[in-house]
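Undergrad:
In our numbering, the protein residues as written are 197 to 515.
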């Protein structure tokens, strides 16, 4: 017998059909995300051989671009986030039919931490965009500290939420679980908020830039809007989840399943959907292609990146 809840471990009678529907939808997104990133990576590989063969004057710096593996890796957390959403709703359908502590914990934890993986990709893509546009100076912190700040904050929040999610099935540990999840969510909200402010500041400063890369590159404008929109969706979702756990087990949000789907499931489905719909015209592979073309055609004065900067990889040759 479950320890609490109207239906098994749930505080309401869960809708199995809704869980199945979103499991199918997230499953479709997984396939499209793999196809689109694979095709883009394959096309980028063909361009790489051309870029490597370019002979530049002796007094010119080499082209600044990332390896195909590096660009594709930036999308890996994003795809993994979709996978966790998919597995979370598959396990939720099982948990609804045959409630057990293990299935309840798995679906709770996976649905809690999946959005943080989306955010990890957003940060990685934003950092690569800044590097390809030669505008790392507009990052809130120097690149190496920027990466450290975000990754430590994001991972800490994720671990706390996972630990709290694992305790949700027991009334004895419910208060501890709530505290862990709330702290984890607020740590991530703070990190995502800093990233959002950086994205807005970056967007404003880029519009005032006059270098050849910015003027000839049209992808960055749309791409940054997509990253910013995705980050805002994650922040809004995280705030609602924090309110949910602050209000406790008797809160309206916890006791009504529609709140989960409206404030968590739908936004976290729309985020990858928007990314994938816009992928053909706005992705980091396309942005890099335009950046390299601009470096060649505008004879952009490329300067050596500070070698102590671990995130902004060397502009000379492939990174």
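Glycine included, C-beta positions come from ideal geometry on N, C-alpha and C.
In the structure shown, what three-state DSSP assignment does residue 261 receive?
TA: Correct three-state label for residue 261: strand.
Undergrad: List the endpoints of the continuous alpha helix (DSSP H) containing residue 481.
TA: Unbroken alpha helix (DSSP H) run through residue 481: 480-493.
Undergrad: Specify the secondary structure class of residue 208 as computed by DSSP and reduced to three states.
TA: The answer is coil: DSSP assigns residue 208 none of H, G, I, E or B.
Undergrad: Whole angstroms is fine: what's the gap from residue 284's alpha carbon to residue 422's?
TA: Residue 284 and residue 422: Cα-Cα distance of roughly 25 Å.
Undergrad: When we look at the beta-carbon of residue 397 and count the other beta-carbons within 10 Å, is it buried (16 or more) or exposed?
TA: Classification of residue 397: exposed, given that the 10 Å Cβ count is below 16.
Undergrad: Kindly examine the ligand ZN and report whether one of its heavy atoms sits closer than 8 Å to the Cβ of residue 299.
TA: The model on display carries no ligand, and the ligand ZN is accordingly not part of it.
Undergrad: Taking the runs of the alpha helix (DSSP H) that are 4 residues or longer, which of them lie wholly in the region 433-460?
TA: Segments of the alpha helix (DSSP H) lying fully in the region 433-460: 448-451 and 453-456.
Undergrad: Please say whether residue 390 and residue 436 have beta carbons closer to each other than 9 Å?
TA: Cβ atoms of residue 436 and residue 390: not closer than 9 Å.
Undergrad: DSSP on residue 242, reduced to helix/strand/coil?
TA: DSSP places residue 242 in helix when its eight states are reduced to three.
Undergrad: Taking the alpha-carbon of residue 348 as reference, which of 333, 316 and 330 has the nearest alpha-carbon?
TA: The shortest Cα separation from residue 348 among 333, 316 and 330 belongs to 316.
Undergrad: Using the C-alpha atoms, what's the distance from residue 433 back to residue 459?
TA: Their backbone Cα atoms lie some 6 Å apart in a straight line.
Undergrad: I need the DSSP call for residue 214, collapsed to helix, strand or coil.
TA: Looking at residue 214 - three-state DSSP - the assignment turns out to be helix.
Undergrad: If you run the structure through DSSP and keep just helix, strand and coil, what is residue 221?
TA: Here residue 221 sits in helix by DSSP.
Undergrad: Take every Cβ of the region 368-378, pair it with every Cβ of the region 349-357, and state whether three or more of those distances are shorter than 8 Å.
TA: At 8 Å Cβ cutoff, the stretches touch.
Undergrad: My guess is that residue 210 and residue 453 are in contact by the Cβ rule of under 8 Å, so how many angstroms apart are they, rounded?
TA: So it is a contact: roughly 6 Å between Cβ atoms.
Undergrad: Within its chain, find whatever has a CB closer than 8 Å to the CB of residue 388; leave out the 5 residues flanking it on each side and keep chain order.
TA: Same-chain partners within the cutoff: 315, 427, 430, 431 and 434.
Undergrad: For the region 269-276 against the region 287-305, are there 3 or more C-beta pairs whose distance is under 8 Å?
TA: Contact between the region 269-276 and the region 287-305 is absent, because fewer than three Cβ pairs lie under 8 Å.
Undergrad: How is residue 295 classed by DSSP in three states: helix, strand or coil?
TA: Residue state, collapsed to three classes: coil.
Undergrad: How many Å lie between residue 261 and residue 484 at the Cα?
TA: About 7 Å.
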